[in-house]
Amino acid sequence: MSNLNLFHYAAPATFYPLAGRLRPLFVALAILFGAAGLWLGLFVAPTDFQQGEGYRIIFVHVPASWMSMFIYCAMAFWGAMNLVFNTRLSGMMAQALAPTGALFAFLSLWTGALWGKPMWGTWWVWDARLTSELVLFFLYVGYMALVASIDDPRRADKAGAVLLLVGVVNIPIIYFSVQWWSTLHQGASISMTKAPSMAHTMLWGMLLMALSFWMYTIAVAFARVRAIILDRERHTDWVRALVRQA
Amino acid sequence: MFEVVLAVVRRDLKLAWRRQADIGAALFFFVIVASLFPLGVGPEPDLLRKLSPGVLWVGALLSTLLTLPRLFADDFRDGSLEQLMLAPQPLGLVVLGKVIAHWLVAGLPLALVAPVLGLQFDLPGDALAVLTLSIALGTPALSGIGAIGAALTLGLRGGAVLLSLLILPLYVPVLIFGAGAVDATLTGLGPQAHLSLLAALTVAGLCFAPFAAAAGLRIAVD
Amino acid sequence: MHWNSASEFFAMGGYALYVWGSLGVTALALVVEPILVARRRLNVVNRLKRELRAEELETTAARKSA
């Protein structure tokens, strides 16, 4: 019977107020975890003996990279739900997550460049991880462009879902090929990609920041999905009543 | 079951024969792009030899992309695509036939022209052979993955640009192993590993991509 | 606590540009995105309100003329 319950919340009309009620909770958690993570990362964690204070970029760089990969997988999950169960909300969730995922991919590249400059002496290295992150960013852009150019929302959801599933199958292949490529051309890059040896406080700082980004993602995805729901369900009675009250 | 595939291949080849100009244009695009590079980077043979695997492979990739938007568009416009979708045979096999036909008219010619272009880049004989082989082996995967993009963007405004945005990131592995095979021949490592990975990509691409493309077509036409 | 003074903290051992450039842009992005999303929802609500009002005007006008 719990199945039935889940599908009950999958109706946009019930999910809209639920997301609105839950959102402040996730905002609060994001701020809490973020503050704790930054305090650990900036004030408690010791200086790295090789990279000095420059390594502190890790506290945003690594969590942002994690989130960019995780969000793509979450989108693929919602896409699959959309294709299999034909639930409208899952398509909207996939679309609501996309800009945030692209943002984290961009932040990962940006902080990676700012980390690379002092450590490797260059803004960009064709390192396997950086290159895969760049391709992931392209995948996000492709998904958003596809969804934006289809007027019929149902077709947009489904086409986007197919693209996401193709992408999620391809990501390991892309990662493997890029890894292969970068080991063959090692002369071109500087092999200093090893992360600094982790102190416990560093690890905790990173985990807390990752949790904070995670909560942030949920909060902002809820807010965005609410906007999408209103737009798509504009002809229903409950949205009309809601708008009349507002 | 494979009669469907053969029938679609035969039909598409016949249709392609009637518009040879399109195929010729994509092929010449490849030739011109490859010939522009020496004008851009200078004529030193060592530099050109180093660049040639990447340049020729990227050229082949872009040339394939030019012909992809028409993969389903003509059939969509004259309604024959809907007929094919109503047929009792699985749509995936129909798409497989179209992908094979696309490779025969758009991929294989690239492989045949590539050694001539390789000569312009001062490639030695064994590298020329590997170049031809790698393009012949890799382009079916390009056609297969491209079919997914062509299906998803069917009938959309600005479909051609959108198609390249969707598909080019997915072409990365094919590019790496294809150009890598030629590069490995040049540096004396031997191309076997690259070529077998490329063959694996092509087999996987031809097995799965047509069915994903078929799903995309159903979404686009419904 | 491992810094001796505020200026030492902000200097980040000579890596100020890189560390604060990373953290600053991240913080900016995570503040701007929710604002943009909130504005998007507001835009939708306002548009729907206008549509609704236009519809109501139409029906009352139709009733009057009938």
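For the record, the sequence lines run as chains U, S and G. Residue 3 is where the first sequence starts when you use the numbering used here, and the numbers rise one by one after that. Residue 12 is where the second sequence starts when you use the numbering used here, and the numbers rise one by one after that. Residue 36 is where the third sequence starts when you use the numbering used here, and the numbers rise one by one after that. C-beta atoms are modelled at their ideal positions from N, C-alpha and C, and glycine is treated no differently.
**Q.** A104 (chain U) versus U:W122, U:E135, U:F139 and U:T219, residue with shortest Cα-Cα distance
**A.** By 1-based counting over the first sequence, the position of residue 104 (chain U) is 102. When each option's Cα is compared against that of A104 (chain U), the closest is U:F139.
Q. At a CB-CB cut-off below 7 Å, which residues of chain G make contact with V245 (chain U)?
A. Position 243 of the first sequence, counted from the start, is the residue given in the question as residue 245 (chain U). Contacts between V245 (chain U) and chain G, judged by CB atoms closer than 7 Å, involve V80, L83, K84 and L87 in chain order.
Q. To which residues of the same chain is R226 (chain U) closer than 6 Å at the C-beta, ignoring the five residues directly before and after it?
A. Position 224 of the first sequence, counted from the first residue, corresponds to residue 226 (chain U). Its chain contains A98 as the residues whose beta carbon lies nearer than 6 Å to that of R226 (chain U), once the 5 sequence neighbours on both sides are disregarded; these appear in chain order.
Q) Rounded C-beta distance between S154 (chain S) and A117 (chain S)? I'm assuming under 8 Å. A) Translated into positions along the second sequence, residue 154 (chain S) becomes position 143. Translated into positions along the second sequence, residue 117 (chain S) becomes position 106. So it is a contact: roughly 7 Å between Cβ atoms.
Q: List the endpoints of the continuous alpha helix (DSSP H) containing Q31 (chain S).
A: The count along the second sequence starts at 1 and reaches residue 31 (chain S) at position 20. Start and end: Q31 to V52.
(Q) I want to verify the contact list: residues of chain U whose CB lies under 7 Å from the CB of A226 (chain S), in sequence order. (A) Reading the second sequence from its first residue, position 215 is the one you call residue 226 (chain S). Think of a sphere of 7 Å around the beta carbon of A226 (chain S): the chain U residues whose beta carbon falls inside it are V164, in chain order.
(Q) Do A122 (chain S) and T150 (chain S) count as a contact pair if the criterion is CB distance below 9 Å? (A) Counted from its first residue, the second sequence places residue 150 (chain S) at position 139. Counted from its first residue, the second sequence places residue 122 (chain S) at position 111. In this structure, A122 (chain S) lies closer than 9 Å to T150 (chain S) by Cβ.
Q | Alpha carbon of V102 (chain G) to alpha carbon of N172 (chain U), nearest angstrom | A | Nothing about residue 102 (chain G) can be reported from this structure: the residues present for chain G run from 36 to 101 only.
Q: Give the single residue among G:P69, G:T94, G:L83 and G:T95 whose Cα lies nearest to the Cα of F224 (chain U).
A: As a working mapping, residue 224 (chain U) is identified with position 222 in the first sequence. Ranking G:P69, G:T94, G:L83 and G:T95 by Cα distance to F224 (chain U) puts G:P69 first.
(Q) Report the CB separation of W68 (chain U) from A212 (chain U) in whole angstroms; it is logged as a contact under 8 Å. (A) Stepping through the first sequence from its first residue, residue 68 (chain U) is reached at position 66. Stepping through the first sequence from its first residue, residue 212 (chain U) is reached at position 210. With a beta-carbon spacing of about 6 Å, W68 (chain U) and A212 (chain U) fall inside the 8 Å limit used to define contacts.
Q: Given a cut-off of 9 Å, decide if A71 (chain S) and I146 (chain S) are closer than it, judged by their beta-carbon atoms.
A: Mapped onto the second sequence, residue 146 (chain S) falls at position 135. Mapped onto the second sequence, residue 71 (chain S) falls at position 60. Closer than 9 Å, so yes.
Q. What separation, rounded to the nearest whole angstrom, lies between the Cα atoms of S184 (chain U) and W128 (chain U)?
A. Position 182 of the first sequence, counted from the first residue, corresponds to residue 184 (chain U). Position 126 of the first sequence, counted from the first residue, corresponds to residue 128 (chain U). Answer to the nearest angstrom: the Cα atoms are 8 Å apart.
Q: Just grab the DSSP bridge partners of G54 (chain U) for me.
A: On the first sequence, position 52 is the one that residue 54 (chain U) refers to. The partner list for G54 (chain U) (beta bridge, DSSP) reads U:D50.
Q: Assign S92 (chain U) to buried or exposed, taking buried as 16 or more other Cβ atoms, counted over all protein chains shown, within 10 Å of its Cβ.
A: Taking the first residue of the first sequence as 1, we reach residue 92 (chain U) at position 90. Here S92 (chain U) is buried: its Cβ has 16 or more other Cβ atoms, across all protein chains shown, within 10 Å.
Q | Buried/exposed call for V19 (chain S), threshold 16 Cβ in 10 Å | A | Residue numbering aside, residue 19 (chain S) sits at position 8 when the second sequence is read from its first letter. Result: buried.
**Q.** Start-to-end residues for the alpha helix (DSSP H) that takes in S134 (chain U)
**A.** The sequence position of residue 134 (chain U) within the first sequence is 132, counting from 1. Note, S134 (chain U): alpha helix (DSSP H), A130 to S151.
Q: List in chain order: all unbroken alpha helix (DSSP H) runs of 4+ residues lying wholly within the stretch 115 to 199 of chain S.
A: At a cut-off of 4 residues, the continuous stretches assigned as alpha helix (DSSP H) that sit fully inside the stretch 115 to 199 of chain S are 119 to 131, 136 to 163, 170 to 178 and 183 to 197.
Q. Using a C-beta to C-beta distance shorter than 7 Å, which residues of chain S count as neighbours of S151 (chain U)?
A. Locating residue 151 (chain U) in the first sequence gives position 149, where the first residue counts as 1. The contacting residues are L167, R168, G169 and L173.
(Q) Against chain S, does G144 (chain U) count as a neighbour if the rule is that its beta carbon must be under 9 Å from one of theirs? (A) Taking the first sequence and counting its residues from 1, one reaches residue 144 (chain U) at position 142. At least one chain S Cβ lies under 9 Å of G144 (chain U).
Q.
Taking a contact to mean a Cβ-Cβ separation below 9 Å, would you say L92 (chain S) touches A152 (chain S) in this structure?
A. By 1-based counting over the second sequence, the position of residue 92 (chain S) is 81. By 1-based counting over the second sequence, the position of residue 152 (chain S) is 141. No, the pair does not count as a contact, with Cβ atoms beyond the cut-off.
Q. Are the beta-carbon atoms belonging to A221 (chain U) and R25 (chain U) less than 9 Å from one another?
A. For the purposes of this step, residue 221 (chain U) is identified with residue 219 of the first sequence, where counting begins at 1. For the purposes of this step, residue 25 (chain U) is identified with residue 23 of the first sequence, where counting begins at 1. Taking 9 Å as the Cβ cut-off, A221 (chain U) and R25 (chain U) qualify as a contacting pair.
**Q.** As assigned by DSSP and simplified to three states, the class of M12 (chain S)
**A.** The count along the second sequence starts at 1 and reaches residue 12 (chain S) at position 1. M12 (chain S) falls in the coil class under three-state DSSP.
Q | Beta-carbon gap between R81 (chain S) and D33 (chain S) smaller than 9 Å | A | Along the second sequence, read from residue 1 onward, the residue named residue 81 (chain S) stands at position 70. Along the second sequence, read from residue 1 onward, the residue named residue 33 (chain S) stands at position 22. Note that the C-beta distance between R81 (chain S) and D33 (chain S) is below 9 Å.
Q: Compare the C-beta of L181 (chain S) against all C-beta atoms of chain U and say whether one is closer than 9 Å.
A: What you label residue 181 (chain S) is simply residue 170 of the second sequence in a count that begins at 1. Yes, its Cβ sits closer than 9 Å to a Cβ of chain U.
(Q) Whole angstroms are fine: how far does the CA of A32 (chain U) sit from the CA of F215 (chain U)? (A) Translated into positions along the first sequence, residue 215 (chain U) becomes position 213. Translated into positions along the first sequence, residue 32 (chain U) becomes position 30. So the two alpha carbons sit approximately 7 Å from each other.
Q. So which residues on chain G does G56 (chain U) lean against when the C-beta distance must stay under 9 Å?
A. Locating residue 56 (chain U) in the first sequence gives position 54, where the first residue counts as 1. Within chain G, M47, G48, G49, Y50, Y53 and V54 have C-beta atoms less than 9 Å from the C-beta of G56 (chain U), given in sequence order.
Q: Pick helix, strand or coil for P1 (chain S), following the three-state DSSP scheme.
A: Outside the displayed range of chain S (12 to 233) lies residue 1 (chain S), so it cannot be described from this structure.
Q. Around the Cβ of P54 (chain S), are there at least 16 other Cβ atoms within 10 angstroms (buried) or fewer (exposed)?
A. Along the second sequence, one-based indexing puts residue 54 (chain S) at 43. Label assigned to P54 (chain S): exposed.
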